[in-house]
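Using the working numbering, you'd call the opening residue of the sequence shown number 1 and step up by one each time.
Here is the structure we will look at.
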Amino acid sequence: MSVTAAQGFTASGVAAAIKSSGEPDLALVVNNGPSLAAAGVFTANRVQAAPVRWSRRVLADGRIAAVLLNSGGANACTGRAGEDDTRTTAEWTARAIGVSTGDVAVCSTGLIGVRLPMDRFATGITEAAAQLAPDGGDAAAVAIKTTDSTHKTATVTGPGWTVGGMAKGAGMLAPGLATMLVVLTTDADVPADALDRALRDATRTTFDRVDSDGCMSTNDTVLLLASGASGIVPEADAFAGAVHTVCLDLARQLVADAEGAAKEIEVEVVGAASEQDAVVVGRSVARNNLLKCALHGEDPNWGRVLSAIGTTDAEFDPDRLDVAINGVWVCRDGSAGESREKVDLSGRQITVTIDLRSGDESAVIWTNDLSAEYVHENSAYSS
């Protein structure tokens, strides 16, 4: 049920002919209260889509009553007309469900630089409002897919309260956040400032650690809405933990569904002087196309790992670096360790462990291999 697992929420997903395929492409999530508390994080890209700019403004008062999401068009780099289109969709949504326009967030995903077919939104929003239901979460999750092969949902239940969520994203996955739209919901009674802290803490070590291809989107949005319908005020750490668990689950699903991926790669950096050093090293390794190609071909080429580490400003001694691939320490003290023939890369899951031997901090970055299928998917995307 994803976003409708928590009490106080209804959702729907419909086919509004925004996509030429005729598949579902418009989703609506409504918070029926009694609380409308909300928080959000958005792309760090300086080029931001009109819906991102709109939703930032909507969130200024820490309230969201509804989220309208569409696939089939990003409404990014569409100028003043795109800004007007976003406002119009928010107005239509507000009118259809009886809320204030300023409480409606808007999210879009799809091709950049193309205006949305607004005539189809008009009828689609009316239909989505009519189909709102307490069990409509899965339909909403399906409607936000673009190149995703499957819809992505997650749920965690606490003592009397729930956190649920849905996500889309299968490429252009890189920090700040990834090419993702994520809506999280809870029926816990949590104020906006506490939602913001929990969401930012969770995002920092989940969505911001997904790095499929080093490319940052213009539309990334993660929203957390609280209805307060359970009437329960959870312990802060327990609630934050639940939000983190849902975010991690969805983040791992994003990597697993990366376009054309045959391998899911976890880059674990330990022994770092600082968490930032661990993140920088992990990200450099995760973005190394030569290594990603090697792992796709099931070649445990640890030299490419060291080369990637060496491009960073992290604190380490090149002659003390250790690297393991799927548990085999193929590099010790910056040179050959155990035989690479011991490494089994036949499965989908690969773990690259890097010990900088410079401190006690660590971090994990998730990525995937670079395949011919990925190149094909992204070379034909706009067609």
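Backbone N, C-alpha and C define an ideal beta-carbon position, used for all residues, glycine too.
Within the stretch 296-359, the complete beta strand (DSSP E) runs of at least 3 residues fall at 322-325, 328-332, 349-355. Sixteen is the threshold: since fewer than 16 other Cβ atoms of the shown chains lie within 10 Å of the Cβ of Gly98, the residue is exposed. Take Ala278, set aside five residues on each side of it, and the residues of its chain with a beta-carbon closer than 6 Å to its own are Val269, Ala272, Glu361, Ser362, Ala363, in chain order. Uninterrupted beta strand (DSSP E) stretches at least 3 residues long and entirely within the stretch 146-198 occur at 152-157, 162-168, 181-186, given in chain order. According to the DSSP secondary-structure assignment, Val222 is paired through a beta bridge with Val41, Val182.
Counted as a single uninterrupted DSSP element, the stretch harbouring Glu91 is not any beta strand (DSSP E) but the alpha helix (DSSP H) occupying residues 79-97. Distance from the CA atom of Leu184 to the CA atom of Met166, rounded to whole angstroms, is 7 Å. Distances from the CA of Thr353 to each of Leu132, Ile365, Asp319 were compared; the closest alpha carbon is that of Ile365. When beta bridges are read from the DSSP output, Phe207 appears opposite no residue. Here the stretch 338-351 makes contact with the stretch 295-310; the two share three or more CB pairs at distances below 8 Å. Glu266 sits in a strand when the DSSP states are folded into three classes. Annotated three-state conformation of Leu254 is helix, per DSSP.
Residue state for Ser12 is assigned as strand, using DSSP reduced to three classes. Distances from the CA of Gly297 to each of Ala229, Ile64, Ile350, Lys19 were compared; the closest alpha carbon is that of Ile350. Put simply, of Gln131, Thr221, Phe121, Thr150 the residue whose alpha carbon is nearest the alpha carbon of Thr88 is Phe121.
Here Gly260 is not near His151, since their CB atoms are 8 Å or more apart. Just so you know, the alpha carbons of Val182 and Thr311 end up roughly 33 Å apart. Distance between Ser346 and Lys263, taken at the CA atoms: about 9 Å. When DSSP states are grouped into helix, strand and coil, Gly271 belongs to the strand group.
Taking C-alpha positions only, Gly102 is separated from Pro234 by approximately 28 Å. By the criterion of a C-beta distance shorter than 6 Å, Gly13 is surrounded in its chain by Pro24, Ala27, Ala139, Ala140, Val142, Ala143, once the five residues flanking it on both sides are discounted. For Glu361, the uninterrupted beta strand (DSSP E) run begins and ends at 361-368, by DSSP. In terms of CA proximity to Ile64, Ala37 leads the group Ala37, Asp84, Ala74. Val156 and Ala251 have their alpha carbons spaced roughly 15 Å apart.
A check of alpha carbon separations from Asp355 across Trp329, Thr218, Tyr374 identifies Trp329 as the nearest. Counting only the Cα atoms, Gly137 lies some 28 Å from Glu83.
In this structure, Val305 keeps its C-beta atom at 8 Å or more from the C-beta atom of Gly282. In this structure Ser284 touches Ile309 by the C-beta definition: roughly 7 Å separates them, less than 8 Å. Secondary structure at Leu248: helix, using DSSP grouped into helix, strand and coil.
The residue among Asp319, Gly158, Met180 with its C-alpha nearest the C-alpha of Phe42 is Met180.
Ranked by Cα distance from Thr10, the options Asp187, Lys19, Pro117, Gln48 are led by Asp187. For Ser108, the enclosing beta strand (DSSP E) stretches over residues 104-109.
Across the structure, Phe316 and Cys107 are spaced so that their CA atoms are roughly 42 Å apart. The Cβ atoms of Met1 and Asp135 sit closer than 8 Å to each other. Take the alpha-carbon of Glu127 and the one of Asn288: they are about 46 Å apart.
For Val29, the enclosing beta strand (DSSP E) stretches over residues 26-31.
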